[in-house]
Structure formats: structure tokens, C-alpha cells
Amino acid sequence: MERLFLALFLFSFFACKPDIHSHQENIERLGSDWVKIEDVLTNFSNEITKNLNNYTESSNTYMLDDSIELSLNDENIIKWENAKKEYYKNTIEAYAPLQKEVSVFIDFWSERASDIGELKESMERGNLDKNSTKKIDELNALVGETKEKITKWYEMNIELNSKAELSTENLRNIYETLTQK
Numbered sequence: 142m143e144r145l146f147l148a149l150f151l152f153s154f155f156a157c158k159p160d161i162h163s164h165q166e167n168i169e170r171l172g173s174d175w176v177k178i179e180d181v182l183t184n185f186s187n188e189i190t191k192n193l194n195n196y197t198e199s200s201n202t203y204m205l206d207d208s209i210e211l212s213l214n215d216e217n218i219i220k221w222e223n224a225k226k227e228y229y230k231n232t233i234e235a236y237a238p239l240q241k242e243v244s245v246f247i248d249f250w251s252e253r254a255s256d257i258g259e260l261k262e263s264m265e266r267g268n269l270d271k272n273s274t275k276k277i278d279e280l281n282a283l284v285g286e287t288k289e290k291i292t293k294w295y296e297m298n299i300e301l302n303s304k305a306e307l308s309t310e311n312l313r314n315i316y317e318t319l320t321q322k
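Per our numbering, the very first residue in the sequence shown carries number 142; after that it's consecutive.
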């Protein structure tokens, strides 16, 4: 009777424990997705920084000499000031919040990478529990949410680029008009 009780106890103990092999594929895919998304985030952040740097350089290229600016009539001063304001608003001011949001998210993403490492270590030790299953589900959900976030950011970047290019063209045209002799 004791043996039957012990056998039932051991069976129920092991039957209630999550099957490590069933989670192995999930954890490996999660780790792979995590690295791919981290690469996409890093590349996207670099692209935003490059855009900001390019627009900063362009703004320096299209600055009037003091002598030209002092010689402008009121109408041209207004055109020039409006073009500079529009340019700044649609480039540097527009990109800065996106750059900050992506940067903060990359930090968060990097911090959560330790959760993947913990899951892999638990799996290797044969030590997955119900909390591990919950964490796998949570991280999978985060991967899905992040993919949506990245899509939204890329769409936002396209829109920002379009406005920035129009503002750059406008600034360049006014600059060329005002610097012609």
C-alpha cells in the first residue's frame, strides 16, 4: 500500500511538472526572435540617428551669411524665418521624440533579455515550473507587441522622412533664391 501511495505521489508530482521538451522549442524560438528583434531595433535606431545627423548637417549647409541676412527686405526675412522654423519643426523636433522612444524601448528590451537567459538556464537544469510557463507566455506576448510597435515606428519614420524632405527642399529653394546675385 505504501508503495502504491509513493508511486501515485511520484506520478502526480512529475505529471504536474511542465514537460521540458515541450517548452524547449518555444524557448529556442523565443530566443531567436528576441535576437532578431534586437537587431531590427538597433538598425532602426541607427537609421533615426543618421537621419537626424543628416538634417542637422543640411541645416548648417543652408544658413545665410550675416551680410546676406542683413540685406533682406521684410518679405524675404519672413520667408526665410518661416522656412527655418518649418525645417526645424519637421526634422530635428519631429525626430527627437521618436529617437528617445526607441532608445528607451531598446534599454527595456535589453533588460528583458535576461529573462530569456533565465529560461534557457532553467530548461538546461530541467527546472521549468509554472512560473516559467507564465514567463514564456508573457515574453511571447511582448514579442508580438514589439513587432506591432516596430511597424508603427517604421510608418512614422516614413511620414517624418516625407515631411522632412519637403521642408529641406523648401529651405534649399529659399536659400538659393536669397543667395542669387
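Every residue, glycine too, gets a C-beta built ideally from N, C-alpha and C. These figures come from a predicted structure and were not determined experimentally.
For ASN217, I'd like the list of residues in its chain whose CB is within less than 7 Å of its CB, leaving aside the five on either flank, ordered along the chain.
-> Hits under 7 Å: LEU319.
Can you tell me where the alpha helix (DSSP H) with SER251 in it begins and where it stops?
-> Counting along the chain, SER251 sits inside the alpha helix (DSSP H) bounded by residues 233–266.
Buried or exposed for MET204, please, with buried defined as at least 16 other CB atoms from any protein chain shown within 10 angstroms of its CB.
-> Note on MET204: under 16 other CB atoms within 10 angstroms of its CB, so exposed under the neighbour-count rule.
Going by the beta-carbon positions, is the gap between ALA224 and LEU301 smaller than 7 Å?
-> Taking 7 Å as the cut-off, the Cβ atoms of ALA224 and LEU301 do not count as close.
Below 7 Å between beta carbons: does that hold for ASP174 and VAL243?
-> At the C-beta level, ASP174 and VAL243 stay beyond 7 Å of one another.
Let me know the secondary structure DSSP gives LEU269 once reduced to three states.
-> In the three-state reduction of the DSSP assignment, LEU269 falls in the coil class, being assigned neither a helical nor a strand state.
What is the rounded straight-line gap between the Cα of THR190 and the Cα of ASN268?
-> Rounded to the nearest angstrom, the gap between the Cα atoms of THR190 and ASN268 is 42 Å.
Measure the CB-CB distance between ILE277 and ASN167 and report whether it falls below 7 Å.
-> Yes, the pair counts as a contact, with Cβ atoms nearer than the cut-off.
Contacts around VAL181, its chain only, beta-carbon distance under 8 Å, and the 5 residues preceding and following it disregarded | Around VAL181: ILE291.
Beta-carbon gap between ALA305 and ASN184 smaller than 7 Å = The Cβ atoms of ALA305 and ASN184 lie no closer than 7 Å to each other.
Exposed or buried, which one is LEU260 when buried takes at least 16 other CB atoms within 10 Å?
-> Looking at its Cβ environment, which holds 16 or more other Cβ atoms inside 10 Å, LEU260 is buried.
Under 8 Å by Cβ, that's how I've got LEU211 and MET297 pegged, so tell me the actual separation to the nearest angstrom.
-> The C-beta separation of LEU211 from MET297 comes to about 39 Å, leaving the pair out of contact by the 8 Å criterion.
What three-state label does DSSP hand ASP206 in the structure shown?
-> Here ASP206 sits in coil by DSSP.
Exposed or buried, which one is TYR295 when buried takes at least 16 other CB atoms within 10 Å?
-> So TYR295 counts as exposed.
Roughly how many angstroms lie between the CA atoms of GLU179 and ILE247, to the nearest whole one?
-> Whole-angstrom Cα-Cα distance: 7 Å.
Same chain only: Cβ atoms within 7 Å of MET264, ignoring 5 sequence neighbours per side | Only ILE161, HIS164, GLN165 and ILE168 meet the Cβ criterion.
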